[in-house]
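Visitor: First the structure, then my questions, so here it is.
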Amino acid sequence: MTEPAQDSYQDGNALAGPLREIFAVDVTAAVGRCVHCGLSGPVASLRVYGPALGMVARCPACDEVVLRLVRGPDSAWLDLRGTVSLRIPLPGPGVPDETGEGTA
Amino acid sequence: MGFVSRGFRGRPRDEGVKLPPGQYLVHDFPVLSAGPTPRVPLDRWEFAIDTEDGRTHRWSWQELMALPSETPTVDLHCVTKWSKLGTDWKGVSLDTLFADVESSAEYALVYSYGGYTTNLPVEDLLDGKAWIVYQFDGEELAAAHGGPARLLVPHLYLWKSAKWVQGIRLMNEDWPGFWETAGYHNYGDPWREQRYQGD
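Read top to bottom, the protein sequences are chains V and B. Oh and the first sequence: position 10 is 10 in the UniProt record's numbering, straight run, nothing missing. Oh and the second sequence: position 164 is 164 in the UniProt record's numbering, straight run, nothing missing.
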């Protein structure tokens with residue numbers, strides 16, 4: 001029997017820092033890959049319908065939905081199920097975090 | 001004494017109109033789109049009702065035209081806050097289409113040419129509450145408004161009235177559709193202002 005890997009994951013709070021950094025950049029420069037047809041290209045090259053009822057970004061090659069963004073009065077909903085991943089240009093890691101969090 | 005003349009209060013037929021909360025009146029017919037407009041030739045058009053046990057009932061365009069039609073006049077309420085009153089449609093009641101469909105499913109997922117989906121309880125499609133419409137204002141339904149045929153469920157926000165309707169899947173479990181999985185309300189009653197999840 002294999003013991004459950006109880007320490008192999010963290011809860012969603014671990015995403016807070018990384019996501020804050022990601023969404024502070026201009027995501028339209030990020031390069032994504034369409035789940036449906038495999039085309040790669042910058043988010044800025046998608047065909048965006050909307051803004052109402054929401055922004056629907058479709059692949060310029062196959063017209064399938066790559067990204068959806070709905071802005072409600074107190075929430076936004078982001079759906080990225082149509083993209084394999086986003087490659088987001090970022091500067092180098094730079095100076096280590098002064099708090100030392102996450103280091104051994 | 002008011003300083004605003006009657007001319008600033010809208011057309012006479014707007015006066016005394018009761019709208020759902022948060023809505024305003026329009027007299028044009030705005031078009032909102034989440035993708036390219038599908039163009040479906042009538043000789044390849046088909047409407048289907050798929051039951052929860054795998055049976056499919058199909059209608060060609062000619063078969064739909066041969067069914068008894070109705071001419072509902074209804075008010076439309078879009079979740080983006082415009083309402084259009086007294087719109088005239090022609091189409092087939094879902095009661096007619098469901099007449100020979102044996103099903104005990106409680107949920108429906110409506111699907112469209114072009115990939116759009118929306119969900120609603122089956123009971124909201126029956127008892128004179130919904131139609132498959134193919135004429136608006138005496139003219140064949142324009143593609144921009146969902147032609148050749150769209151669902152019309154006027155007691156719910158207009159995103160439930162799926163344009164370019166292709167079929168209805170009957171299911172034992174609720175399956176949220178295109179906008180319902182992206183923050184919009186699962187039911188969408190304009191009179192209870194059910195715009196977003198949690199409303």
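By construction, the Cβ of each residue, glycine as well, lies at the ideal position given by its N, Cα and C atoms. As the structure is a prediction and not an experimental result, all values here were calculated from the model.
Would PHE23(V) be called buried (16 or more neighbouring beta carbons within 10 Å of its own) or exposed?
Guide: Counted from its first residue, the first sequence places residue 23(V) at position 23. Result: exposed.
Visitor: According to DSSP, is TRP59(B) helix, strand or coil?
Guide: Within the second sequence, the letter at position 59 stands for residue 59(B). Strand at TRP59(B).
Visitor: Nearest to SER85(V) by CA position, among VAL70(V), VAL25(V), ASP26(V), PRO42(V), is which residue?
Guide: Counting from one through the first sequence, the residue named residue 85(V) turns up at place 85. With distances taken between Cα atoms, SER85(V) lies closest to PRO42(V).
Visitor: What's the gap between the Cα of VAL31(B) and the Cα of ARG55(B)?
Guide: Reading the second sequence from its first residue, position 31 is the one you call residue 31(B). Reading the second sequence from its first residue, position 55 is the one you call residue 55(B). Each residue's alpha carbon lies about 35 Å from the other.
Visitor: With a threshold of 8 Å, are at least 3 pairs of Cβ atoms found where one atom belongs to the stretch 100-108 of chain B and the other to the stretch 68-82 of chain B?
Guide: Result no; under three Cβ-Cβ pairs closer than 8 Å.
Visitor: Using the C-alpha atoms, what's the distance from ALA34(B) back to GLY54(V)?
Guide: In the first sequence, residue 54(V) corresponds to position 54, counting from 1. In the second sequence, residue 34(B) corresponds to position 34, counting from 1. Each residue's Cα considered, the two are about 8 Å apart.
Visitor: Return the CA-CA distance between HIS36(V) and GLU46(B), expressed in angstroms with no decimal places.
Guide: Taking the first residue of the first sequence as position 1, residue 36(V) is located at position 36. Taking the first residue of the second sequence as position 1, residue 46(B) is located at position 46. Going from the Cα of HIS36(V) to the Cα of GLU46(B) covers about 25 Å.
Visitor: To the nearest angstrom, how far is it from the Cα of ALA99(B) to the Cα of PRO176(B)?
Guide: For the purposes of this step, residue 99(B) is identified with residue 99 of the second sequence, where counting begins at 1. For the purposes of this step, residue 176(B) is identified with residue 176 of the second sequence, where counting begins at 1. Their backbone Cα atoms lie some 25 Å apart in a straight line.
Visitor: Taking THR87(B) as part of the beta strand (DSSP E), name the residues at either end of that continuous run.
Guide: The sequence position of residue 87(B) within the second sequence is 87, counting from 1. That run of the beta strand (DSSP E) goes 82-93.
Visitor: If we count the other Cβ atoms within 10 Å of its Cβ and call it buried at 16 or more, is ARG44(B) buried or exposed?
Guide: Taking the second sequence and counting its residues from 1, the one referred to as residue 44(B) is at position 44. It counts as exposed.
Visitor: Under 8 Å by Cβ, that's how I've got TRP159(B) and TYR134(B) pegged, so tell me the actual separation to the nearest angstrom.
Guide: The sequence position of residue 159(B) within the second sequence is 159, counting from 1. The sequence position of residue 134(B) within the second sequence is 134, counting from 1. No, TRP159(B) and TYR134(B) are not in contact; Cβ-Cβ is about 20 Å, not under 8 Å.
Visitor: DSSP three-state label for TRP36(V), please.
Guide: Against the first sequence, residue 36(V) aligns to sequence position 36. The identity of residue 36(V) in the sequence shown is His, whereas the question assumes Trp. Coil, per DSSP.
Visitor: Taking the alpha carbon of LEU46(V) as the point to measure from, which residue in ALA52(V), GLY38(V), LEU67(V), ASP26(V) has its own alpha carbon closest?
Guide: Here residue 46(V) is taken as the residue at index 46 of the first sequence, counted from 1. Among ALA52(V), GLY38(V), LEU67(V), ASP26(V), the Cα nearest to that of LEU46(V) belongs to LEU67(V).
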